[in-house]
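Residue numbers (the numbering used here): 198 to 491.
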């Protein structure tokens with residue numbers, strides 16, 4: 198609607214809407230989350246969680262309208278027909294920009310349950326968003342380096358234990374657990390050590406642990422491929438209306454026998470799981486090449 202405006206003006210007004218939307222909806226999120234601590238009874242928690250999801254859904258909807266107002270994007274979205282918000286999903290995706298999160302939220306809204314990301318513990322200090330993520334039970338992960346674990350062996354496994362606790366919270370209400378398997382955003386510099394043309398090397402441990410912790414709940418894996426045919430946008434260029442086309446390809450995968458097992462204690466299964474993930478990533482790499490060339 199307002200895509201005709203100058204790019205700096207579009208970016209400024211759009212950013213202001215994102216900011217106001219986030220501030221106004223974070224307040225009720227935090228208040229309702231405090232009620233969960235005061236009334237920690239399962240039936241009450243389930244109802245309050247649904248209210249929290251509704252508020253978060255409203256936040257995503259307003260952000261999506263904001264995008265439509267200021268960005269004239271040709272959306273090419275594929276593979277949504279078999280999805281439902283009444284099942285549990287593990288969502289895997291390539292990662293190139295912070296814009297990926299807005300793209301996933303917009304395209305998957307009401308198609309699957311709300312996306313919940315595993316976040317670095319430091320992100321809880323992000324103004325407003327950190328509190329909102331905390332209120333919505335987003336799992337905050339603290340990663341320990343090999344050097345730290347060598348000096349403090351008693352801390353080994355603590356990060357995985359926090360993952361297990363987070364997954365337990367997801368069992369009573371359908372969710373989509375989001376994982377950027379590469380662990381960081383793709384850049385040409387990082388790609389120098391990758392065996393793939395358009396992707397970084399996938400990391401298997403996190404998704405193996407989620408699958409192991411939620412084996413009885415998860416219904417499917419949703420493999421999402423995001424492609425920006427022109428160039429990968431920054432957040433500012435995206436909200437300024439400079440992104441013209443986005444391709445989102447979704448593929449629904451069964452959770453088969455080859456990815457069910459003890460990744461951390463069974464070396465045979467670990468090798469099998471890594472082979473499955475690398476094969477998935479090879480197919481994704483070829484898909485990106487095809488989408489870019491066509």
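Idealized CB from N, CA, C, for every residue including glycine.
All values derive from a computational prediction rather than experimental measurement.
Endpoints, alpha helix (DSSP H) assigned at residue i
{"i": "residue 247", "result": "239-267"}
Continuous beta strand (DSSP E) stretch holding residue i: start and end
{"i": "residue 448", "result": "442-450"}
{"i": "residue 272", "result": "271-275"}
{"i": "residue 199", "result": "First-last for residue 199: undefined, no H or E at that position."}
{"i": "residue 418", "result": "417-424"}
{"i": "residue 377", "result": "373-377"}
{"i": "residue 313", "result": "312-314"}
{"i": "residue 288", "result": "286-290"}
Distance CB(residue i)-CB(residue j) smaller than 9 Å
{"i": "residue 485", "j": "residue 429", "result": "no"}
{"i": "residue 275", "j": "residue 444", "result": "yes"}
{"i": "residue 307", "j": "residue 401", "result": "no"}
{"i": "residue 415", "j": "residue 421", "result": "no"}
{"i": "residue 250", "j": "residue 314", "result": "no"}
{"i": "residue 334", "j": "residue 246", "result": "yes"}
{"i": "residue 227", "j": "residue 259", "result": "no"}
{"i": "residue 295", "j": "residue 432", "result": "yes"}
Distance between beta carbons of residue j and residue i, contact taken as under 8 Å
{"i": "residue 284", "j": "residue 417", "result": "7 Å"}
{"i": "residue 240", "j": "residue 371", "result": "Not confirmed; about 17 Å, so no contact."}
{"i": "residue 312", "j": "residue 305", "result": "7 Å"}
{"i": "residue 437", "j": "residue 207", "result": "5 Å"}
{"i": "residue 280", "j": "residue 404", "result": "The Cβ separation is near 19 Å, so there is no contact."}
Backbone CA spacing between residue i and residue j [nearest angstrom]
{"i": "residue 293", "j": "residue 234", "result": "37 Å"}
{"i": "residue 244", "j": "residue 253", "result": "14 Å"}
{"i": "residue 464", "j": "residue 477", "result": "20 Å"}
{"i": "residue 446", "j": "residue 481", "result": "10 Å"}
{"i": "residue 453", "j": "residue 473", "result": "11 Å"}
{"i": "residue 205", "j": "residue 216", "result": "16 Å"}
{"i": "residue 439", "j": "residue 427", "result": "10 Å"}
{"i": "residue 229", "j": "residue 298", "result": "24 Å"}
{"i": "residue 203", "j": "residue 248", "result": "38 Å"}
{"i": "residue 493", "j": "residue 316", "result": "With the chain covering only 198 through 491, there is no way to say anything about residue 493."}
Buried or exposed by the 16-neighbour rule on C-beta atoms within 10 Å, applied to residue i
{"i": "residue 267", "result": "buried"}
{"i": "residue 381", "result": "exposed"}
{"i": "residue 395", "result": "buried"}
{"i": "residue 223", "result": "buried"}
{"i": "residue 309", "result": "buried"}
{"i": "residue 462", "result": "exposed"}
{"i": "residue 200", "result": "exposed"}
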